[in-house]
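Have a look at the structure below, then the notes.
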Amino acid sequence: MDRSRGDSGASIKSVINKVARFRWLIFILGNIANLVIFIVLNSFSLTIVGMIGKHEEQIISLAPVNSSFNASSSSVVSPRSVHVDWSNVDKSRMLSASFWGSLVMSLFGGRICELFGPRKVVSLSLLVNGIVTLLFPVISIHSFIGAYVIRIVSGSCTGIVQPSCIVIVSRWSMVSERTLANAVVSSGNAFSNLISLPLAGILVDSSFLGGWPSVFYLFGGLNLIVAIIWFIVVYDTPEVHPYLGSEELEVILKNRSVSSGGSVKVPWCKMFTSIPIIAYLIPAFTYGWVVAVVTSQVPSFYEDILDFSYTGGEARVYSLSYHRARVNGFVTSLPWLVGIGAQLIGSAVTDRIRKANRFSLASIRKIVTVLCNCSIGLVAITMLGKHRIPVVLTLALAKGMGTLSVAGSGVNHLDIAPSFAGTLAGFYGVMLSLASLIANEAAAHIVGKNSSQQNWYHYFYISSAVNIAGVILFCLLGSGEIQSWDPASSTNRRNVKSKTRSNDLELLSVEH
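Heads up, the numbering used here is the position in the sequence shown plus 47, with the first residue counted as 1.
Structure follows, in structure tokens:
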């Protein structure tokens, strides 16, 4: 393979090799791709309040829903910008549109990327998401159906990009560093949660480009910019990258799990009858349940039992977003701050422990999965009564530590089936989403209209039991070995080598 691209190419390689390992730039771009695709999704539930407002003052309350924030309103806002005439039912449908798009495409997004390559798939998804996001303000003013379709398309792009970035990790990372590489890429979602609400609030509060439309113009533009950068910098595999140094290329090829970056046929039957695969997907559901509890239900618990107010007093909707970012922002951002630190530091430590070869990979994944069990935090708050600060800190620590699953069961697909990491990451996302739906429905039945302290505690106990069950099943059934049906397994590699040798011998015998 000719990797020489002239003097300019050689000079670029030289600069890259002196500054950093090039593959980490690829992983950071994966983080940014996740950030910009999710920031559109996560900011919408605040922005839609400004969209529906008309000519009066408005009080709103905010509560996280499915890793984003749901905003409920009780009047209308300043006439600084054009507004849409949507009912509360319309608003609820619009908020759920992107979720359904993401849920459906998560089933296929990873596989699409494995077939056509992350360079084209991710850049095209970001490009489409950027364009429809830029068009959304104009279309939403004239057509509810048009806006609804755009939200479905935007959610579909999210469902494609997230598992596609895992394909990058499987093809570009070395075995000894893939836990941290996976954490770097995955943490883009958490970063988007940190910045989307405060930034959207400031934009909505401003007169820049009409107020709320500026959110879509800015975030849509960011998607377009990252799409271009991604297509220029990222390549499907390290083997074909023009600016990757030969020394780093050799290190990657010798130490990664997958034998090549090409797509292979998925053995669907073997995959979903594999005990380790089932063990990988079970904690995805149980962890997703607890995430839904913390992000979707705990704010209501704060308000019902601890008398927290998310309305910001008499603040207007626009000034509230900024006021909230300053006053209540710490409470809402604390779990994400702890989570980002936990998953990055924990993943780095996990890779270090793995390099020492003192524990098997399966043992490491299981130990981390036990440590990241959020159930302890949910049970603990039932013993803290109405002491606000201890409850908030306990839940923030529990949610933050829960993100360590990215170094435990959450990265296990890269261990047991690296050739199909994108496909499995998509199904992992589906399990998370289904768990969120069921957990929220369970809250409606268990807590009910009578939001008593005892009902909330019953809900927390049940949620803890669900999560513990997932941890136990993963510890009993989970594995760290590449499955025999994966082309990257040692068995398959030996079969390929022996078949190649036999073909060579047959060819020689024919020639003689």
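Glycine residues also receive a C-beta, built at the ideal position from the N, C-alpha and C atoms.
Asked, Found
"So Ile493 packs on Tyr504, CB below 8 Å; how close in whole Å?", "With 8 Å as the limit, Ile493 and Tyr504 do not qualify as a contact, their Cβ atoms being about 10 Å apart."
"Taking the straight line between their C-alpha atoms, what separation do you get for Ile84 and Gly517?", "29 Å"
"Identify, in the order they occur along the chain, each residue of the same chain with its Cβ nearer than 6 Å to the Cβ of Arg158, setting aside the five sequence neighbours on each side.", "Thr470"
"Mapping the DSSP letters down to three states, classify Ser51 as helix, strand or coil.", "With a pLDDT of 46 at Ser51, under the threshold of 50, the predicted position of this residue should be treated as unreliable, though the coordinate-derived value follows. Note: Ser51 maps to coil in three-state DSSP."
"Is the stretch 222-237 touching the stretch 393-407 in the sense that three or more CB pairs, one from each, lie closer than 8 Å?", "yes"
"Nearest-angstrom Cα distance between Lys138 and Ala445?", "32 Å"
"For Arg140 and Ile86, I'd like the C-alpha separation in whole angstroms.", "19 Å"
"How would you write the range of the alpha helix (DSSP H) that Val96 sits in, first residue to last?", "Phe69 to Ile99"
"How many Å lie between Leu142 and Ile199 at the Cα?", "10 Å"
"Rounded to whole angstroms, what's the CA-CA distance from Ala486 to Val337? Just pull it up for me.", "8 Å"
"Thinking Ser304 and Pro465 are a contact (beta carbons under 8 Å), I'd like their distance in whole angstroms, please.", "4 Å"
"Would you kindly report the start and end of the unbroken alpha helix (DSSP H) that includes His189?", "Pro165 to His189"
"How about Gly77 and Ile215: are their beta carbons less than 9 Å apart?", "yes"
"Can you list, in chain order, the residues of its chain whose CB lies under 8 Å from that of Tyr195, leaving out five sequence neighbours each side?", "Arg140, Met141 and Ala144"
"Measuring alpha carbon to alpha carbon, tell me which residue in Val458, Ser190, Ser510 and Val426 is nearest Gly527.", "Val458"
"Is it the case that the Cβ atoms of Lys433 and Ile352 are separated by a distance below 9 Å?", "yes"
"Please look up how many angstroms separate the CB atoms of Pro382 and Gly447, rounded, as I've assumed it's under 8 Å.", "6 Å"
"What did DSSP end up calling Glu528 once you bin it into helix, strand or coil?", "coil"
"In three-state terms, what does DSSP make of Cys204?", "helix"
"Is the distance from the Cβ of Cys419 to the Cβ of Gly455 below 9 Å?", "yes"
"So, at 6 Å on beta carbons, what are the nonlocal neighbours of Gly640 in its own chain, with the 5 sequence-adjacent residues on each side left out?", "Absent from the model: residue 640. The displayed extent of the chain is 48 to 559, so no value can be given."
"Going along the chain, which unbroken runs of the alpha helix (DSSP H) with 4 or more residues stay wholly within the stretch 432-470?", "435-449 and 459-463"
"Determine the closest residue to Gln530 out of Ala468, Met430 and Ser498, with distance taken between C-alpha atoms.", "Ala468"
"Given a threshold of 16 other Cβ atoms within 10 Å of its Cβ, counted over all protein chains shown, does Asn89 qualify as buried or as exposed?", "buried"
"So, Ala339 versus Ala482, is the Cβ gap smaller than 9 Å?", "yes"
"Among Leu328, Ser217, Ile188 and Phe263, which has the Cα closest to the Cα of Leu181?", "Phe263"
"Since Ser220 and Pro165 are thought to touch, with beta carbons under 8 Å apart, how far apart are those beta carbons, to the nearest angstrom?", "Rounded, the Cβ-Cβ distance is 13 Å, inconsistent with contact."
"So Phe69 and Glu294 are in contact, right, with Cβ under 8 Å, and what is the actual spacing, rounded?", "So it is not a contact: roughly 11 Å between Cβ atoms."
"Measuring alpha carbon to alpha carbon, tell me which of Leu154, Leu442, Asn502 and Val311 ends up nearest Trp532.", "Val311"
"Going by C-alpha distance, which of Val96, Lys167 and Ile73 is nearest Ser134?", "Val96"
"Is it right to say Thr320 is buried, meaning 16 or more other beta carbons lie within 10 angstroms of its own, or is it exposed?", "exposed"
"Select from Pro184, Leu174, Leu171 and Ser92 the residue whose C-alpha is nearest the C-alpha of Leu256.", "Pro184"
"If you scan the stretch 222-259 from start to end, which runs of the alpha helix (DSSP H) of 4 or more residues do you find wholly inside it?", "225-252"
"Given that a residue counts as buried once 16 or more other Cβ atoms are within 10 Å of its Cβ, and exposed if not, what is Ile207?", "buried"
"Note down the Cα distance separating Gly193 from Val131, rounded to an integer number of angstroms.", "13 Å"
"Measuring alpha carbon to alpha carbon, tell me which residue in Ile428, Ser422, Pro285 and Gly386 is nearest Phe238.", "Gly386"
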